[in-house]
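Number of protein chains: 2
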Amino acid sequence: MEIRKPITVAEAVRKVMTAAGSGKKETIHIDQAYGRRLAQDIIASHPVPPFDRSPYDGFAIRAKDSKAASKDHPVTFRVVGEIGAGSVFTGELQEREAVRIMTGAQVPEDCDAVVMFELTTEHTEGTDKYMTIKRPFSSGDNISFAGEDTEEGKVLVQKGEYINPGVMALLATFGYHMVEVAEKPVIGVFATGSELLDVNEPLQPGKIRNSNAHMILAQIERAGAEPLYLGKLPDQLDLCLSAVGEALQKVDMLITTGGVSVGDYDLLPDVYKEIGAEVLFNKVAMRPGSVTTVAKTGEKILFGLSGNPSACYVGFELFVRPVISHRSFSEKPHLKKVKAELAQDFLKPNPFTRFVRSSIDLTDGVLRVDPSGFNKSNAVAVLAYTDVLMVLPGGTRGFKTEDIVDVLLLDSHEGSEWPWE
Amino acid sequence: MEIRKPITVAEAVRKVMTAAGSGKKETIHIDQAYGRRLAQDIIASHPVPPFDRSPYDGFAIRAKDSKAASKDHPVTFRVVGEIGAGSVFTGELQEREAVRIMTGAQVPEDCDAVVMFELTTEHTEGTDKYMTIKRPFSSGDNISFAGEDTEEGKVLVQKGEYINPGVMALLATFGYHMVEVAEKPVIGVFATGSELLDVNEPLQPGKIRNSNAHMILAQIERAGAEPLYLGKLPDQLDLCLSAVGEALQKVDMLITTGGVSVGDYDLLPDVYKEIGAEVLFNKVAMRPGSVTTVAKTGEKILFGLSGNPSACYVGFELFVRPVISHRSFSEKPHLKKVKAELAQDFLKPNPFTRFVRSSIDLTDGVLRVDPSGFNKSNAVAVLAYTDVLMVLPGGTRGFKTEDIVDVLLLDSHEGSEWPWE
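These protein sequences, in sequence, are chains A and B.
So for the first sequence, the UniProt record's numbering puts the first residue at 1; every next one is plus one.
So for the second sequence, the UniProt record's numbering puts the first residue at 1; every next one is plus one.
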């Protein structure tokens with residue numbers, strides 16, 4: 001039997017990232033941009049506000065005309081025009097003249113203050129309109145000045161960032177009708193294992209349904225790539241080889257689940273050999289997922305994940321996801337690492353680095369991590385409640401409630417530059 | 001000018017939820033289920049594991065046959081069969097007979113222990129195969145017993161929960177080939193405002209590009225509903241009425257941005273009146289977004305959000321999102337509320353409840369909230385970095401670094417039952 005030499009998680013991830021290649025960009029319509037990653041910086045193409053604007057409904061005036069106004073000596077202005085949002089007042093203002101102005105409209109050139117509607121009284125004389133105020137205003141009062149929120153030319157969001165609703169608003173504001181985004185890498189998924197039934201098949205003795213493929217397809221989507229399910233890999237080497245060869249024409253990366261151990265039925269090691277792929281590693285000093293294998297052929301990476309659901313899940317998040325993020329121009333392609341307080345004892349010793357599928361609680365403002373679903377590495381139910389991977393370093397002898405541990409966040413669009421030691 | 005009476009945020013949300021109606025379900029293929037919300041519980045349709053299974057590659061034996069094994073007195077077993085994962089051994093075992101077994105395979109009925117491959121030595125005599133062990137095993141050693149992870153009939157995930165990759169694994173495992181999920185409500189969006197340019201138009205004096213619509217469409221998607229952009233609402237009341245009437249045929253809810261103030265150009269109040277919609281409220285004691293209006297006609301809710309980008313953003317998250325979640329069967333339809341520590345002073349007094357668009361940091365395991373982008377309510381750039389809404393109660397006079405405040409999480413799939421006091 002082949003003896004495999006385990007490498008550390010850090011070393012394994014480093015090898016994968018060296019092989020990760022580079023991303024491609026594509027230009028899409030803004031309507032398709034939500035949830036993608038930027039392949040260009042968003043730059044303020046104009047100042048914000050683009051002009052001196054009125055934040056209120058009211059009247060634009062020359063502040064000096066209001067100087068004498070007081071409760072006892074109200075000052076009356078003749079209203080010589082009206083500006084709705086989107087229109088512009090082009091006339092000239094004489095002494096004690098005002099312009100009715102709506103929220104968001106451009107303040108006339110001659111004016112330097114806005115009086116809120118509520119602070120005025122109006123009256124008409126014939127066809128002439130007037131408004132009266134009882135206090136003075138200073139130059140600049142109630143004006144949002146051009147550029148006070150954002151200067152022209154400023155980089156507002158950088159290439160590689162996730163496009164959330166706020167980023168969508170910026171794209172629209174600055175006229176990014178078409179947006180350069182990272183092309184989604186296409187990731188093929190093969191399941192292996194003669195014990196696997198399809199989801200619509202009834203259970204049979206000795207068999208289980210194929211859950212890994214459906215899980216991984218969702219993980220691929222969560223990570224921002226395009227999943228392509230390729231079905232079950234045949235049991236015979238020659239059929240297996242041609243299936244893999246065909247798949248590699250269609251995908252940017254290929255994931256297999258199962259078949260990577262050293263058991264008699266594990267064909268993947270032979271597949272890698274036959275197609276001349278370079279095996280980057282085939283054993284990692286971690287639990288679960290020690291048999292995770294990564295190989296490279298040409299520009300394509302082949303991820304051989306374990307057939308065990310939890311090991312498969314963890315292997316994807318540690319090794320496949322950062323490649324997707326890197327190809328999407330993220331500068332922080334790895335899972336976001338933060339500290340958390342253990343919510344219960346975890347007394348199991350950890351000869352190897354252990355990744356415990358856990359849920360988190362933030363209610364009190366302290367990040368608490370609960371590995372309560374932890375049981376054994378094939379307990380499938382715990383994955384439904386998994387928000388984080390708790391990282392317990394190899395060589396540690398167990399942890400107690402309130403101990404501080406590292407956790408890797410799974411649902412964050414933010415990442416880590418390099419979470420490994 | 002109409003005088004509006006503000007109601008509290010809690011009261012406003014309560015009114016909206018009373019009008020929220022109920023969700024519909026639809027049955028979809030598992031391949032489409034990721035990211036949706038369950039409209040049925042996931043129940044374990046069989047125990048997990050479904051049979052006594054081997055967690056390792058090795059040999060299945062009768063433990064009692066190994067009783068005498070030791071370093072000095074190894075015991076040899078005749079290997080009478082082989083079980084790959086997915087196949088079943090149907091023969092009977094005699095004394096000191098073993099069956100070669102692969103990871104995941106069903107343990108033969110006669111066996112009660114599995115010996116890991118690494119702890120054995122093999123040899124052959126003619127066509128007969130043998131394996132030898134140097135230590136005894138107890139009944140139950142290295143067997144994952146049927147049902148030890150999950151009993152049959154157990155509810156594993158409840159109706160209303162978000163379908164993440166782990167939930168996908170469960171759906172597949174238990175044969176949910178077709179899944180009942182919440183139908184996504186269709187939400188129409190109209191923009192209003194004569195100052196609005198389309199994203200592809202060049203900037204013009206006094207005008208700005210329409211950023212709210214693109215932002216809201218993304219917020220609708222993030223909240224799990226189906227956005228439908230309906231363009232700009234006409235400026236004339238009659239055209240406006242027929243546009244709204246037509247839209248209501250196509251959507252479950254209707255959002256407008258802008259046009260809800262009491263300004264001369266704000267048509268929405270008249271629209272509500274003309275179509276006979278019941279206005280639930282048209283003023284809320286909050287900043288930003290005090291002019292947020294919600295009306296109901298038949299089963300359809302009309303959300304009149306402010307035209308100010310930040311007010312629009314907040315209005316959506318507080319009032320529209322919980323209706324979407326409620327119709328998706330979530331028991332916790334409101335934004336998840338947690339405590340956080342202020343990362344910097346926020347000295348502005350808050351006469352009304354204030355929702356500050358903020359970013360959070362979790363690095364040290366303590367949730368810190370940073371309102372650094374806070375500036376004025378129309379500062380568009382801050383929304384790109386907004387993860388949470390910080391809630392500062394009305395009547396407070398400012399907060400200092402390290403003060404504990406409430407925040408509402410925007411990117412969480414988990415919610416609150418009722419975050420308001």
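Think of the CB as a built atom: it goes at the ideal place given N, C-alpha and C, for glycine as much as any other residue.
Pairwise C-beta distances place the segment 290-298 of chain A out of contact with the segment 220-229 of chain A, as fewer than three of them are shorter than 8 Å. Per DSSP, reduced to three states, the secondary structure at residue 370 of chain A is strand.
Scanning the UniProt domain "MoaB/Mog" (188-326) of chain B for uninterrupted alpha helix (DSSP H) segments of 4 residues or longer gives 212-222, 237-250, 268-274, 309-315, listed from N- to C-terminal end. According to DSSP, residue pairing for residue 79 of chain B in a beta bridge involves B/98, B/129. Residue A/279 holds the alpha-carbon nearest to the alpha-carbon of residue 4 of chain A among A/34, A/195, A/279. Separation of residue 32 of chain B and residue 268 of chain B (C-alpha to C-alpha, rounded to the nearest whole angstrom) is 38 Å. Interface flag for residue 340 of chain B against chain A is set, since a Cβ pair is found closer than 9 Å. Residue contact check for residue 57 of chain A against chain B: a CB pair falls below 9 Å.
Contact between residue 325 of chain B and residue 415 of chain B holds: their C-beta atoms lie close to 6 Å from each other, under 8 Å. With respect to chain A, the C-beta atom of residue 206 of chain B has a partner C-beta closer than 9 Å. For the set B/91, B/86, B/97, the Cα lying nearest the Cα of residue 128 of chain B is the one of B/97. Contact annotation: residue 254 of chain A and residue 188 of chain A have beta-carbon atoms nearer than 9 Å.
Under the 8 Å Cβ criterion, the segment 351-360 of chain B counts as touching the segment 390-407 of chain B, having at least three qualifying pairs. In terms of CA proximity to residue 331 of chain B, B/161 leads the group B/371, B/161, B/183, B/386. Scanning its chain for C-beta atoms nearer than 7 Å, with the 5 sequence neighbours on each side dropped, one finds around residue 372 of chain A the residues 344, in chain order.
The secondary-structure analysis by DSSP pairs residue 344 of chain A with nothing; it has no beta-bridge partner. Contact with chain B is found for residue 336 of chain A, since one of that chain's Cβ atoms lies less than 9 Å from the residue's Cβ. Residues of chain B with a Cβ closer than 8 Å to the Cβ of residue 261 of chain A are, in chain order, 57, 103. For residue 358 of chain A, no chain B residue has a Cβ inside 9 Å of its Cβ, as the nearest lies near 12 Å away.
Under the DSSP assignment, residue 169 of chain A falls in the alpha helix (DSSP H) whose first and last residues are 165-173. A distance below 9 Å separates the beta carbons of residue 57 of chain B and residue 103 of chain B.
Within a 10 Å sphere around the beta-carbon of residue 135 of chain A sit fewer than 16 other beta-carbons, which makes this residue exposed. According to the DSSP assignment, residue 354 of chain A belongs to no alpha helix (DSSP H) but to the beta strand (DSSP E) extending over 353-361. Assignment of beta-bridge partners to residue 16 of chain A by DSSP yields no partner.
By the C-beta density criterion, residue 145 of chain A is exposed, having fewer than 16 other C-beta atoms within 10 angstroms.
One alpha carbon belongs to residue 169 of chain B, the other to residue 197 of chain A, and they sit about 13 Å apart. Think of a sphere of 7 Å around the beta carbon of residue 386 of chain B: the chain A residues whose beta carbon falls inside it are 166, in chain order.
Burial state of residue 211 of chain A is buried, judged by a 10 Å Cβ sphere holding 16 or more other Cβ atoms. For residue 10 of chain B, the secondary structure class from DSSP, reduced to helix, strand or coil, is helix.
Residue 163 of chain B sits close to residue 38 of chain B, with the two beta carbons spaced by under 9 Å. Counting other Cβ atoms within 10 Å of its Cβ, residue 397 of chain B stays below 16 and is therefore classed as exposed.
With contacts defined as CB atoms closer than 9 Å, residue 48 of chain A and residue 284 of chain A fail to qualify as a contacting pair. Within a 10 Å sphere around the beta-carbon of residue 200 of chain A sit fewer than 16 other beta-carbons, which makes this residue exposed. Here residue 72 of chain B is exposed, its C-beta having fewer than 16 other C-beta atoms within 10 Å.
Rounded to whole angstroms, the gap between the alpha carbons of residue 239 of chain B and residue 245 of chain B is 10 Å.
Under the Cβ criterion of 9 Å, residue 161 of chain A is counted among the residues facing chain B.
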